[in-house]
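To start, the structure itself, in C-alpha coordinates.
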Amino acid sequence: MNLQPHIEQFCKRRDELESALSSPDVANNNKKFLELTREYSRMKKLADLGERFLTLLADIDANKELLKSEPAGSELAELAREELSELEVEQTKLGLELQYGIIPPNPTDSRDTIVEIRACAGGAESALFSADLHRMYIRYAESQGWKVEPMDASTSDLGGFKEIIFGIKGQDVFRKLKFESGVHRVQRVPATETQGRVHTSTVTVAVLPEAEAVDIEIKPDDLEINVCRASGPGGQGVNTTDSAVQIQHKPSGMIVRCMDGRSQQKNKEQAMKVLRSRLLEQKIAEEHAKYAAERKSQIGTGERNERIRTYNFSQSRVTDHRIDLTLYNLPTFIEGEIGEVVSALLANDLKERLAALE
(Lines of atoms letter the chains of each structure in order from A; the text may use other names.)
(Lines give C-alpha, C1' and ligand atoms only; values in the text may rest on other atoms or scores of the structure.)
Protein backbone atom coordinates (compact mmCIF):
# COMPACT_ATOMS: atom_id res chain seq x y z
CA MET A 12 0.00 0.00 0.00
CA ASN A 13 1.24 3.48 -0.93
CA LEU A 14 1.02 5.36 2.36
CA GLN A 15 2.36 8.71 1.16
CA PRO A 16 -1.06 10.17 0.14
CA HIS A 17 -2.48 9.21 3.55
CA ILE A 18 0.51 10.73 5.35
CA GLU A 19 0.00 13.97 3.43
CA GLN A 20 -3.66 13.96 4.55
CA PHE A 21 -2.64 13.39 8.18
CA CYS A 22 -0.21 16.33 8.03
CA LYS A 23 -2.75 18.58 6.31
CA ARG A 24 -5.46 17.76 8.87
CA ARG A 25 -3.01 18.28 11.75
CA ASP A 26 -2.21 21.77 10.48
CA GLU A 27 -5.92 22.56 10.00
CA LEU A 28 -6.69 21.51 13.56
CA GLU A 29 -3.83 23.60 14.95
CA SER A 30 -5.40 26.66 13.32
CA ALA A 31 -8.91 25.74 14.43
CA LEU A 32 -7.87 25.28 18.06
CA SER A 33 -6.43 28.80 18.13
CA SER A 34 -9.78 30.26 17.03
CA PRO A 35 -11.73 32.15 19.75
CA ASP A 36 -14.99 30.59 18.54
CA VAL A 37 -13.65 27.09 19.24
CA ALA A 38 -11.98 28.11 22.51
CA ASN A 39 -15.32 29.41 23.81
CA ASN A 40 -17.16 26.22 22.85
CA ASN A 41 -16.04 23.65 25.43
CA LYS A 42 -17.61 20.63 23.68
CA LYS A 43 -16.15 21.54 20.29
CA PHE A 44 -12.78 22.32 21.83
CA LEU A 45 -12.60 18.87 23.48
CA GLU A 46 -13.64 17.11 20.27
CA LEU A 47 -11.02 18.92 18.20
CA THR A 48 -8.36 18.41 20.89
CA ARG A 49 -8.90 14.65 20.80
CA GLU A 50 -8.78 14.61 17.00
CA TYR A 51 -5.68 16.81 16.98
CA SER A 52 -3.90 14.45 19.38
CA ARG A 53 -4.62 11.53 17.04
CA MET A 54 -3.70 13.43 13.86
CA LYS A 55 -0.46 14.79 15.33
CA LYS A 56 0.62 11.30 16.34
CA LEU A 57 -0.17 9.93 12.86
CA ALA A 58 1.51 12.87 11.11
CA ASP A 59 4.65 12.46 13.23
CA LEU A 60 4.68 8.72 12.50
CA GLY A 61 4.20 9.45 8.82
CA GLU A 62 7.08 11.90 8.67
CA ARG A 63 9.30 9.37 10.44
CA PHE A 64 8.11 6.69 7.98
CA LEU A 65 9.06 8.81 4.95
CA THR A 66 12.49 9.47 6.46
CA LEU A 67 12.90 5.71 6.93
CA LEU A 68 12.06 5.09 3.28
CA ALA A 69 14.74 7.58 2.23
CA ASP A 70 17.29 5.95 4.56
CA ILE A 71 16.40 2.48 3.23
CA ASP A 72 16.90 3.65 -0.37
CA ALA A 73 20.26 5.20 0.56
CA ASN A 74 21.47 1.96 2.16
CA LYS A 75 20.36 -0.08 -0.86
CA GLU A 76 22.27 2.23 -3.20
CA LEU A 77 25.34 1.95 -0.97
CA LEU A 78 25.14 -1.86 -1.09
CA LYS A 79 25.08 -1.70 -4.90
CA SER A 80 28.15 0.53 -5.07
CA GLU A 81 30.30 -1.12 -2.41
CA PRO A 82 32.21 -4.38 -2.92
CA ALA A 83 30.49 -7.38 -1.33
CA GLY A 84 32.00 -8.21 2.05
CA SER A 85 33.51 -4.78 2.64
CA GLU A 86 33.17 -3.26 6.09
CA LEU A 87 30.97 -0.43 4.79
CA ALA A 88 28.70 -2.89 2.96
CA GLU A 89 28.26 -4.99 6.11
CA LEU A 90 27.37 -1.90 8.16
CA ALA A 91 24.85 -0.85 5.52
CA ARG A 92 23.33 -4.33 5.47
CA GLU A 93 22.92 -4.37 9.27
CA GLU A 94 21.38 -0.90 9.30
CA LEU A 95 19.07 -1.82 6.42
CA SER A 96 17.74 -4.81 8.34
CA GLU A 97 16.95 -2.64 11.38
CA LEU A 98 15.33 0.05 9.24
CA GLU A 99 13.08 -2.46 7.46
CA VAL A 100 11.84 -3.86 10.78
CA GLU A 101 10.94 -0.35 11.92
CA GLN A 102 9.35 0.38 8.53
CA THR A 103 7.02 -2.62 8.93
CA LYS A 104 6.05 -1.56 12.45
CA LEU A 105 5.36 2.06 11.51
CA GLY A 106 3.54 0.98 8.35
CA LEU A 107 1.07 -1.06 10.39
CA GLU A 108 0.44 1.83 12.79
CA LEU A 109 -0.21 4.17 9.87
CA GLN A 110 -2.59 1.70 8.25
CA TYR A 111 -4.55 1.55 11.50
CA GLY A 112 -4.73 5.34 11.33
CA ILE A 113 -6.44 5.17 7.94
CA ILE A 114 -9.38 3.29 9.47
CA PRO A 115 -11.92 5.32 11.50
CA PRO A 116 -11.26 4.51 15.17
CA ASN A 117 -13.59 2.08 16.91
CA PRO A 118 -15.08 4.08 19.82
CA THR A 119 -14.91 1.07 22.16
CA ASP A 120 -11.25 0.17 21.51
CA SER A 121 -9.95 2.57 24.14
CA ARG A 122 -12.43 1.42 26.80
CA ASP A 123 -11.54 -0.46 29.96
CA THR A 124 -12.77 -4.03 29.74
CA ILE A 125 -14.68 -6.71 31.62
CA VAL A 126 -13.70 -10.35 31.02
CA GLU A 127 -16.06 -13.22 31.83
CA ILE A 128 -14.77 -16.81 31.79
CA ARG A 129 -17.18 -19.74 32.18
CA ALA A 130 -16.61 -23.49 32.31
CA CYS A 131 -18.62 -25.45 29.72
CA ALA A 132 -18.22 -28.97 28.36
CA GLY A 133 -15.89 -31.12 30.43
CA GLY A 134 -17.04 -30.74 34.02
CA ALA A 135 -14.24 -30.42 36.58
CA GLU A 136 -11.53 -30.26 33.90
CA SER A 137 -13.30 -27.35 32.22
CA ALA A 138 -13.38 -25.49 35.55
CA LEU A 139 -9.66 -26.11 36.04
CA PHE A 140 -8.92 -24.77 32.56
CA SER A 141 -11.01 -21.67 33.37
CA ALA A 142 -8.50 -21.01 36.16
CA ASP A 143 -5.62 -21.48 33.69
CA LEU A 144 -7.11 -18.95 31.28
CA HIS A 145 -7.76 -16.53 34.14
CA ARG A 146 -4.09 -16.72 35.13
CA MET A 147 -3.04 -16.35 31.48
CA TYR A 148 -4.98 -13.09 31.06
CA ILE A 149 -3.83 -11.75 34.43
CA ARG A 150 -0.17 -12.27 33.50
CA TYR A 151 -0.65 -10.80 30.03
CA ALA A 152 -2.32 -7.77 31.64
CA GLU A 153 0.64 -7.38 34.01
CA SER A 154 3.06 -7.47 31.05
CA GLN A 155 1.07 -4.64 29.44
CA GLY A 156 1.04 -2.53 32.58
CA TRP A 157 -2.73 -2.88 32.98
CA LYS A 158 -4.61 -2.99 36.28
CA VAL A 159 -6.81 -6.00 37.09
CA GLU A 160 -9.85 -5.71 39.33
CA PRO A 161 -11.63 -8.89 40.57
CA MET A 162 -15.43 -8.76 40.45
CA ASP A 163 -17.01 -12.16 41.06
CA ALA A 164 -16.09 -15.83 41.07
CA SER A 165 -17.76 -19.20 41.56
CA THR A 166 -15.19 -21.88 42.44
CA SER A 167 -15.31 -25.61 41.76
CA ASP A 168 -14.50 -28.41 44.18
CA LEU A 169 -11.03 -29.01 42.68
CA GLY A 170 -9.94 -25.39 42.79
CA GLY A 171 -10.98 -24.19 39.34
CA PHE A 172 -13.70 -21.71 38.43
CA LYS A 173 -17.21 -22.45 37.24
CA GLU A 174 -17.32 -18.74 36.44
CA ILE A 175 -15.03 -15.78 37.05
CA ILE A 176 -15.49 -12.12 36.16
CA PHE A 177 -12.83 -9.43 36.39
CA GLY A 178 -12.13 -5.96 35.03
CA ILE A 179 -8.98 -4.74 33.29
CA LYS A 180 -8.04 -1.07 33.09
CA GLY A 181 -5.35 0.39 30.86
CA GLN A 182 -4.48 1.64 27.39
CA ASP A 183 -6.04 -0.21 24.43
CA VAL A 184 -7.30 -3.08 26.60
CA PHE A 185 -10.43 -3.82 24.58
CA ARG A 186 -8.61 -3.36 21.27
CA LYS A 187 -6.12 -6.08 22.17
CA LEU A 188 -8.40 -8.51 24.01
CA LYS A 189 -11.67 -8.35 22.05
CA PHE A 190 -10.66 -11.27 19.82
CA GLU A 191 -10.38 -13.55 22.88
CA SER A 192 -14.18 -13.84 22.90
CA GLY A 193 -15.38 -17.30 21.98
CA VAL A 194 -14.95 -20.99 22.81
CA HIS A 195 -11.50 -22.10 23.96
CA ARG A 196 -10.90 -25.86 23.65
CA VAL A 197 -8.34 -27.74 25.73
CA GLN A 198 -6.99 -31.24 25.01
CA ARG A 199 -4.98 -32.80 27.83
CA VAL A 200 -4.89 -35.55 30.43
CA PRO A 201 -6.85 -34.21 33.44
CA ALA A 202 -5.49 -34.49 36.96
CA THR A 203 -8.47 -36.73 37.76
CA GLU A 204 -7.72 -39.17 34.89
CA THR A 205 -6.25 -42.46 36.17
CA GLN A 206 -5.68 -44.19 32.81
CA GLY A 207 -3.76 -41.45 31.02
CA ARG A 208 -6.48 -40.67 28.48
CA VAL A 209 -6.65 -37.27 26.80
CA HIS A 210 -9.91 -35.41 27.43
CA THR A 211 -11.38 -32.53 25.44
CA SER A 212 -13.08 -29.72 27.36
CA THR A 213 -14.26 -26.20 26.57
CA VAL A 214 -14.43 -22.81 28.24
CA THR A 215 -16.18 -19.69 26.97
CA VAL A 216 -14.66 -16.23 27.19
CA ALA A 217 -16.62 -12.99 26.75
CA VAL A 218 -14.76 -9.69 26.51
CA LEU A 219 -16.96 -6.62 27.03
CA PRO A 220 -16.08 -2.93 26.66
CA GLU A 221 -16.84 -1.23 29.97
CA ALA A 222 -19.87 1.01 29.69
CA GLU A 223 -19.97 4.53 30.98
CA ALA A 224 -23.01 5.94 32.74
CA VAL A 225 -23.85 8.11 29.72
CA ASP A 226 -23.91 5.08 27.39
CA ILE A 227 -26.82 3.32 29.02
CA GLU A 228 -29.75 4.81 30.89
CA ILE A 229 -30.89 2.49 33.68
CA LYS A 230 -34.02 3.50 35.55
CA PRO A 231 -34.12 2.64 39.27
CA ASP A 232 -37.59 1.12 38.84
CA ASP A 233 -36.11 -1.37 36.34
CA LEU A 234 -33.84 -2.87 38.99
CA GLU A 235 -34.47 -5.49 41.64
CA ILE A 236 -31.58 -5.44 44.13
CA ASN A 237 -31.05 -8.14 46.75
CA VAL A 238 -28.28 -8.47 49.34
CA CYS A 239 -27.16 -11.62 51.08
CA ARG A 240 -24.26 -13.06 53.03
CA ALA A 241 -21.19 -13.66 50.91
CA SER A 242 -19.56 -17.08 50.90
CA GLY A 243 -16.18 -18.47 49.91
CA PRO A 244 -12.67 -17.05 50.43
CA GLY A 245 -12.16 -13.58 51.73
CA GLY A 246 -11.75 -13.90 55.46
CA GLN A 247 -14.03 -13.45 58.42
CA GLY A 248 -15.21 -9.99 57.34
CA VAL A 249 -16.65 -11.24 54.07
CA ASN A 250 -18.27 -14.32 55.49
CA THR A 251 -20.12 -12.62 58.35
CA THR A 252 -21.63 -9.56 56.66
CA ASP A 253 -24.50 -9.18 54.21
CA SER A 254 -22.20 -7.74 51.55
CA ALA A 255 -23.02 -9.82 48.44
CA VAL A 256 -25.25 -8.00 45.94
CA GLN A 257 -27.46 -9.41 43.18
CA ILE A 258 -29.10 -7.07 40.67
CA GLN A 259 -31.78 -8.08 38.19
CA HIS A 260 -32.49 -5.79 35.25
CA LYS A 261 -36.19 -6.50 34.75
CA PRO A 262 -36.62 -5.29 31.13
CA SER A 263 -33.81 -7.51 29.83
CA GLY A 264 -33.94 -10.26 32.46
CA MET A 265 -30.19 -9.93 33.04
CA ILE A 266 -28.97 -10.93 36.50
CA VAL A 267 -25.60 -9.79 37.83
CA ARG A 268 -24.05 -10.56 41.20
CA CYS A 269 -20.93 -9.43 42.94
CA MET A 270 -19.51 -10.59 46.25
CA ASP A 271 -15.79 -10.09 45.90
CA GLY A 272 -15.50 -7.00 48.08
CA ARG A 273 -16.16 -6.57 51.79
CA SER A 274 -18.39 -3.54 51.28
CA GLN A 275 -21.99 -3.87 50.13
CA GLN A 276 -21.70 -0.48 48.41
CA LYS A 277 -18.54 -1.56 46.59
CA ASN A 278 -20.20 -4.76 45.41
CA LYS A 279 -23.23 -2.81 44.22
CA GLU A 280 -21.00 -0.46 42.22
CA GLN A 281 -19.17 -3.41 40.67
CA ALA A 282 -22.42 -5.20 39.81
CA MET A 283 -23.81 -2.05 38.18
CA LYS A 284 -20.59 -1.72 36.17
CA VAL A 285 -21.00 -5.28 34.85
CA LEU A 286 -24.71 -4.73 34.13
CA ARG A 287 -24.05 -1.51 32.19
CA SER A 288 -21.33 -3.24 30.16
CA ARG A 289 -23.58 -6.17 29.30
CA LEU A 290 -26.37 -3.81 28.26
CA LEU A 291 -23.89 -1.76 26.22
CA GLU A 292 -22.69 -4.91 24.48
CA GLN A 293 -26.28 -5.78 23.66
CA LYS A 294 -26.91 -2.25 22.36
CA ILE A 295 -23.76 -2.35 20.22
CA ALA A 296 -24.72 -5.75 18.84
CA GLU A 297 -28.14 -4.48 17.84
CA GLU A 298 -27.11 -1.09 16.44
CA HIS A 299 -23.49 -1.54 15.32
CA ALA A 300 -22.85 -5.16 14.41
CA LYS A 301 -19.43 -4.28 12.99
CA TYR A 302 -18.11 -3.44 16.46
CA ALA A 303 -19.21 -6.51 18.40
CA ALA A 304 -21.39 -9.58 18.24
CA GLU A 305 -24.19 -10.47 20.56
CA ARG A 306 -23.18 -12.53 23.58
CA LYS A 307 -24.76 -15.68 22.20
CA SER A 308 -22.97 -15.47 18.86
CA GLN A 309 -19.79 -14.23 20.55
CA ILE A 310 -19.29 -17.25 22.76
CA GLY A 311 -21.72 -19.76 21.20
CA THR A 312 -23.10 -22.59 23.28
CA GLY A 313 -19.73 -23.86 24.47
CA GLU A 314 -19.78 -26.93 22.26
CA ARG A 315 -16.40 -28.32 21.20
CA ASN A 316 -17.01 -27.74 17.46
CA GLU A 317 -17.49 -23.97 17.98
CA ARG A 318 -13.94 -23.38 19.21
CA ILE A 319 -11.88 -20.37 18.19
CA ARG A 320 -8.68 -21.77 19.69
CA THR A 321 -7.33 -25.16 20.74
CA TYR A 322 -4.74 -25.78 23.45
CA ASN A 323 -3.19 -29.25 22.95
CA PHE A 324 -0.90 -30.00 25.90
CA SER A 325 0.51 -33.32 24.67
CA GLN A 326 1.86 -31.59 21.53
CA SER A 327 2.66 -28.27 23.29
CA ARG A 328 0.53 -26.72 20.56
CA VAL A 329 -1.85 -23.76 20.49
CA THR A 330 -3.89 -23.16 17.33
CA ASP A 331 -6.08 -20.18 16.53
CA HIS A 332 -8.57 -21.52 14.01
CA ARG A 333 -9.75 -18.13 12.73
CA ILE A 334 -6.40 -17.25 11.18
CA ASP A 335 -4.90 -20.76 10.84
CA LEU A 336 -2.02 -19.89 13.15
CA THR A 337 -0.29 -22.68 15.08
CA LEU A 338 2.43 -22.11 17.67
CA TYR A 339 4.40 -24.73 19.58
CA ASN A 340 5.00 -22.72 22.72
CA LEU A 341 1.99 -23.71 24.83
CA PRO A 342 3.84 -23.75 28.21
CA THR A 343 4.85 -20.08 27.84
CA PHE A 344 1.63 -19.11 26.05
CA ILE A 345 -0.57 -20.32 28.90
CA GLU A 346 1.63 -18.32 31.28
CA GLY A 347 0.59 -15.11 29.57
CA GLU A 348 2.91 -14.74 26.56
CA ILE A 349 0.05 -14.37 24.08
CA GLY A 350 1.36 -11.29 22.28
CA GLU A 351 2.16 -13.09 19.01
CA VAL A 352 -1.43 -14.28 18.59
CA VAL A 353 -2.83 -10.90 19.68
CA SER A 354 -0.67 -9.17 17.05
CA ALA A 355 -1.65 -11.67 14.34
CA LEU A 356 -5.36 -11.21 15.10
CA LEU A 357 -4.99 -7.42 15.03
CA ALA A 358 -3.16 -7.64 11.69
CA ASN A 359 -5.90 -9.86 10.26
CA ASP A 360 -8.56 -7.44 11.47
CA LEU A 361 -6.66 -4.56 9.87
CA LYS A 362 -6.49 -6.42 6.56
CA GLU A 363 -10.23 -7.12 6.58
CA ARG A 364 -11.17 -3.56 7.52
CA LEU A 365 -8.89 -2.05 4.87
CA ALA A 366 -10.45 -4.38 2.29
CA ALA A 367 -13.91 -3.24 3.40
CA LEU A 368 -12.90 0.42 3.00
CA GLU A 369 -11.59 -0.22 -0.49
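The opening position of the sequence shown corresponds to residue 12 in our numbering, with each subsequent residue numbered one higher. Beta carbons are placed, not taken as given, at the ideal position from N, Cα and C, and that holds for glycine.
- The continuous beta strand (DSSP E) containing Phe177 extends over residues 172-180.
- Taking a contact as a CB-CB distance under 8 angstroms, the pair Ile179 and Val200 does not count as one, their CB atoms being some 31 angstroms apart.
- The closest CA to that of Thr330, considering only Ile227, Glu191, Lys43, is found on Glu191.
- For Ile71, the enclosing alpha helix (DSSP H) covers residues 41-80.
- Shown here, Asp360 sits in a helix according to DSSP, grouped into three states.
- In terms of Cα proximity to Arg318, the closest of Leu60, Lys43, Val197, Asn278 is Val197.
- Apart from sequence neighbours up to five positions away, the residues of its chain that approach Leu286 with a beta-carbon distance below 8 angstroms are Ile229, Ile258, His260, Met265, Val267, ordered along the chain.
- By the CB criterion at 8 angstroms, Leu77 and Leu109 fall outside the cutoff.
- Around the beta carbon of Tyr151, 16 or more other beta carbons lie within 10 angstroms, which makes this residue buried.
- For Tyr339, no alpha helix (DSSP H) encloses it, and the DSSP letter there is neither H nor E.
- Counting the other CB atoms within 10 Å of its CB gives Cys239 a total below 16, which places it among the exposed residues.
- Residue state for Pro161 is assigned as strand, using DSSP reduced to three classes.
- Phe324 has its alpha-carbon roughly 18 angstroms from the corresponding atom of Gly134.
- Looking at the DSSP output, Ala130 shares a beta bridge with Val214.
- Cβ neighbours of Pro342 within its own chain (closer than 8 angstroms, five residues either side excluded): Ser327.
- The stretch 180-187 and the stretch 113-122 touch, with no fewer than 3 CB-CB distances between them shorter than 8 angstroms.
- The C-alpha of Ile18 lies about 18 angstroms from the C-alpha of Ile71.
- In this structure the stretch 331-339 does not lie against the stretch 158-174, because fewer than three pairs of beta carbons, one per stretch, are closer than 8 angstroms.
- For Thr119, the secondary structure class from DSSP, reduced to helix, strand or coil, is coil.
- Met147 is not a Cβ neighbour of Gly350, given a cutoff of 8 angstroms.
- For Asn13, the three-state secondary structure derived from DSSP is coil.
- Contact between Glu221 and Lys173 fails: their C-beta atoms lie close to 23 angstroms from each other, not under 8 angstroms.
- Counting along the chain, the unbroken beta strand (DSSP E) around Val267 starts and ends at 265-269.
- The distance from the Cβ of Ile175 to that of Ala164 is about 4 angstroms, consistent with a contact at the 8 angstroms cut-off.
- Comparing alpha carbon positions, the residue from Ile125, Ala366, Glu50, Leu105 closest to Lys23 is Glu50.
- For a cut-off of 8 angstroms, the C-beta gap from Arg129 to Thr215 is around 5 angstroms, short enough to register as a contact.
- For Val209, the number of other beta carbons within 10 angstroms of its own is below 16, and it is reported as exposed.
- For Ala38 and Ala58, the gap between their C-alpha atoms comes out near 23 angstroms.
- Apart from the 5 residues on each side of it in sequence, Ile236 sits with its Cβ closer than 6 angstroms to the Cβ of Ile258 in its chain, given in chain order.
- Comparing alpha carbon positions, the residue from Gly84, Asp271, Asn74 closest to Ala255 is Asp271.
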